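Below is one structure, written out as structure tokens, with a few remarks after it.
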């Protein structure tokens with residue numbers, strides 16, 4: 100990527116030579132170009148919110164910026180990109196969306212996320228740190244910025260306008276107005292689960308902003324909950340746990356099970372822990388933000404439950420599902436089971452047969468299937 104501050108070499112995480120997706124796009128280039136062309140003073144505390152793979156903070160490392168991200172994979176990509184480009188350790192401060200924000204922000208750069216709720220939550224959390232002279236510039240591809248996006252900036256910070264489009268990217272300019280009355284932050288959001296879905300029926304689910312289907316139970320999970328296996332006293336992993344409803348259902352039905360909730364989203368794991376605590380479940384539970392099953396010992400797990408995503412930001416891909424299934428096969432003990440729910444058209448049974456040598460249809464309807472694969 101070519102910038103005013105050099106040409107940093109950037110990759111996504113985990114690195115995959117077959118992955119043709121870059122670690123930056125035209126919106127990152129547009130924002131960095133604007134900062135250079137307009138000679139925006141990058142003094143004081145510079146914060147990059149939602150910097151996906153570290154492109155912004157790596158380019159601006161000389162200004163000692165702060166990155167705030169919800170993505171473990173994005174944070175690890177940033178660590179590697181900073182080291183790859185010779186940035187001294189500690190030059191960039193890495194925070195998550197669950198960490199307390201800086202007390203004062205002088206430049207706020209916002210990579211508009213896919214989730215409008217996450218944007219709302221984070222801007223409202225950062226608003227007390229923003230002052231009248233704070234430079235606020237957002238960026239995103241044209242398809243990511245809508246009237247509703249601008250309205251979120253307006254409500255949280257102050258008057259907002261957009262730039263002309265350039266290479267299908269657009270900038271958002273916001274003038275902070277600390278004197279304006281801001282709405283209360285509605286996140287995290289809690290709601291009661293419906294009846295007829297097993298042990299979690301009627302329980303409270305807690306969702307932090309940005310978690311999939313944060314205001315309702317998604318239909319895939321609802322279908323999965325009706326067909327969960329008996330966990331017994333096995334070691335169970337809720338892989339890609341989201342708000343933790345599936346793992347919580349297992350914990351309630353099988354108090355003797357040890358349940359690991361894991362996701363690459365800091366917001367998701369916080370939601371899963373809050374959901375588990377609110378359910379009154381008693382048993383051994385662990386909550387871990389990480390790269391799938393990395394760090395879980397080989398052959399140590401008896402049951403993995405998975406509702407894999409098929410999007411990475413705006414890109415549709417099966418790479419995440421493939422890595423989740425591969426990680427599950429490694430972590431499962433002989434005879435251990437992977438149970439997967441997914442849209443019927445995604446053809447996960449083909450991948451499972453390639454990896455495990457078997458795939459059984461447990462249940463299905465016109466839209467979803469629940470599949471079981473056994474580690475031989």
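Numbering (our numbering), first residue to last: 100 to 475.
Glycine residues also receive a C-beta, built at the ideal position from the N, C-alpha and C atoms.
Keep in mind that this is a model prediction, so the values were computed, not measured.
Starting from the N-terminal side, write out each stretch of the alpha helix (DSSP H) that is 4 residues or longer and does not extend beyond the region 185-229. 215-225
Kindly list the residues whose CB is nearer than 6 Å to the CB of residue 346, restricted to its own chain and excluding five residues on each side of it in sequence; keep chain order. Counting from one through the chain shown, the residue named residue 346 turns up at place 247. Hits under 6 Å: 337, 340, 358 and 360.
Specify the secondary structure class of residue 433 as computed by DSSP and reduced to three states. Translated into the one-based positions of the chain shown, residue 433 becomes position 334. Strand at residue 433.
Who does residue 318 pair with in a DSSP beta bridge? If you number the chain shown from 1, residue 318 lands on position 219. DSSP output for residue 318 lists no bridge partner at all.
Using 8 Å as the Cβ pair cut-off and three pairs as the minimum, do the region 308-322 and the region 217-231 touch? Contact between the region 308-322 and the region 217-231 is present, because at least three Cβ pairs lie under 8 Å.
Of the listed residues 145, 384 and 174, nearest to residue 160 (C-alpha basis): Here residue 160 refers to the residue found at position 61 of the chain shown. Looking at the Cα atoms, 145 is the closest of the given residues.
Residues in its own chain within less than 7 Å of residue 351 by CB, not counting five upstream and five downstream? Numbered from its first residue, the chain shown carries residue 351 at position 252. Correct list, in chain order: 298, 299, 378 and 380.
Alpha carbon to alpha carbon, how far is residue 279 from residue 257? For the purposes of this step, residue 279 is taken as the residue at position 180 of the chain shown. For the purposes of this step, residue 257 is taken as the residue at position 158 of the chain shown. Looking at the two C-alpha atoms, the distance is approximately 8 Å.
So residue 41 and residue 270 are in contact, right, with Cβ under 8 Å, and what is the actual spacing, rounded? Residue 41 is absent from the model: the chain starts at 100 and stops at 475.
C-beta contact flag for residue 372 and residue 170 at 9 Å: Counted from its first residue, the chain shown places residue 372 at position 273. Counted from its first residue, the chain shown places residue 170 at position 71. No, they are not a contact pair.
When the Cα atoms are used, what is the spatial distance from residue 468 to residue 397? As a first step, residue 468 must be located in the chain shown, where it is residue number 369. As a first step, residue 397 must be located in the chain shown, where it is residue number 298. The straight-line gap from Cα to Cα measures roughly 27 Å.
Whole angstroms are fine: how far does the CA of residue 367 sit from the CA of residue 288? If you number the chain shown from 1, residue 288 lands on position 189. If you number the chain shown from 1, residue 367 lands on position 268. Rounded to the nearest angstrom, the two C-alpha atoms are 12 Å apart.
Do three or more CB pairs link the region 315-324 to the region 438-455 at distances below 8 Å? Counting C-beta pairs with one atom in each stretch, the region 315-324 and the region 438-455 have three or more that are closer than 8 Å, which means they touch.
Where does residue 240 fall in DSSP's three states? Translated into the one-based positions of the chain shown, residue 240 becomes position 141. Looking at residue 240 - three-state DSSP - the assignment turns out to be strand.
Sufficient close CB pairs (3 or more, under 8 Å) joining the region 180-192 to the region 105-113: yes
Kindly indicate which three-state DSSP category residue 269 falls into: helix, strand or coil? Looking up residue 269 in the chain shown gives position 170. The answer is strand: DSSP assigns residue 269 an E or B state.
Give me, in chain order, the residues of the same chain whose beta-carbon lies closer than 6 Å to that of residue 448; leave out the 5 immediate sequence neighbours on both sides. One-based indexing of the chain shown puts residue 448 at position 349. These residues qualify, in order along the chain: 458 and 470.
Excluding sequence positions up to five away, which residues of its chain have a Cβ less than 7 Å from the Cβ of residue 452? On the chain shown, position 353 is the one that residue 452 refers to. Same-chain partners within the cutoff: 458.
Do residue 172 and residue 127 have their CB atoms nearer than 9 Å? The residue you call residue 172 lines up with position 73 of the chain shown. The residue you call residue 127 lines up with position 28 of the chain shown. No, the Cβ-Cβ distance between residue 172 and residue 127 is not below 9 Å.
Bounding residues of the alpha helix (DSSP H) (the contiguous stretch that carries residue 402): Position 303 of the chain shown, counted from the start, is the residue given in the question as residue 402. Where residue 402 is concerned, there is no enclosing alpha helix (DSSP H), although the beta strand (DSSP E) it sits in stretches over 400-405.
Let me make sure I understand the geometry here. Which of 391, 349 and 143 has the alpha-carbon closest to that of residue 335? Taking the first residue of the chain shown as position 1, residue 335 is located at position 236. Comparing Cα positions, the closest option is 349.
Candidates 201, 301, 383 and 400: closest to residue 354 by CA position: Mapped onto the chain shown, residue 354 falls at position 255. Of 201, 301, 383 and 400, the residue nearest in Cα terms is 383.
Based on Cα-Cα distance, which residue from 120, 162 and 140 lies nearest to residue 152? Indexing the chain shown from 1 puts residue 152 at position 53. Checked all of 120, 162 and 140; the closest Cα to residue 152 is 120.
Straight-line gap, residue 250 to residue 261 (C-alpha atoms, nearest Å): As a first step, residue 250 is located in the chain shown; it is residue number 151 there, counting from the start. As a first step, residue 261 is located in the chain shown; it is residue number 162 there, counting from the start. Taking the straight line joining both Cα atoms gives about 12 Å.
Taking all protein chains shown into account, do 16 or more other C-beta atoms lie within 10 angstroms of the C-beta of residue 450, making it buried, or fewer, making it exposed? Along the chain shown, one-based indexing puts residue 450 at 351. With 16 or more other Cβ atoms within 10 Å, it is buried.
Count the other CB atoms within 10 Å of the CB of residue 231; is the residue buried (16 or more) or exposed (fewer)? One-based indexing of the chain shown puts residue 231 at position 132. An exposed status is given to residue 231, since fewer than 16 other beta-carbon atoms sit within 10 Å of its beta-carbon.
Could you give the distance in angstroms between the alpha-carbon of residue 412 and the alpha-carbon of residue 427? Position 313 of the chain shown, counted from the start, is the residue given in the question as residue 412. Position 328 of the chain shown, counted from the start, is the residue given in the question as residue 427. Residue confidence is low: residue 412 scores 42 on pLDDT, short of 50, so the model does not pin down where it sits. Its coordinate-derived value is still stated next. Taking the straight line from one Cα to the other gives about 23 Å.
For residue 443, three-class secondary structure by DSSP: Working through the chain shown from its first residue, we reach residue 443 at position 344. If DSSP states are grouped into helix, strand and coil, residue 443 belongs with the helices.
Helix, strand or coil: how does DSSP classify residue 412 here? On the chain shown, residue 412 is found 313 positions in, with the first residue counted as 1. Because residue 412 sits at a pLDDT of 42, beneath the cut-off of 50, its placement in the model cannot be relied upon, and the following sentence gives the value as read from the coordinates. Note: residue 412 maps to coil in three-state DSSP.
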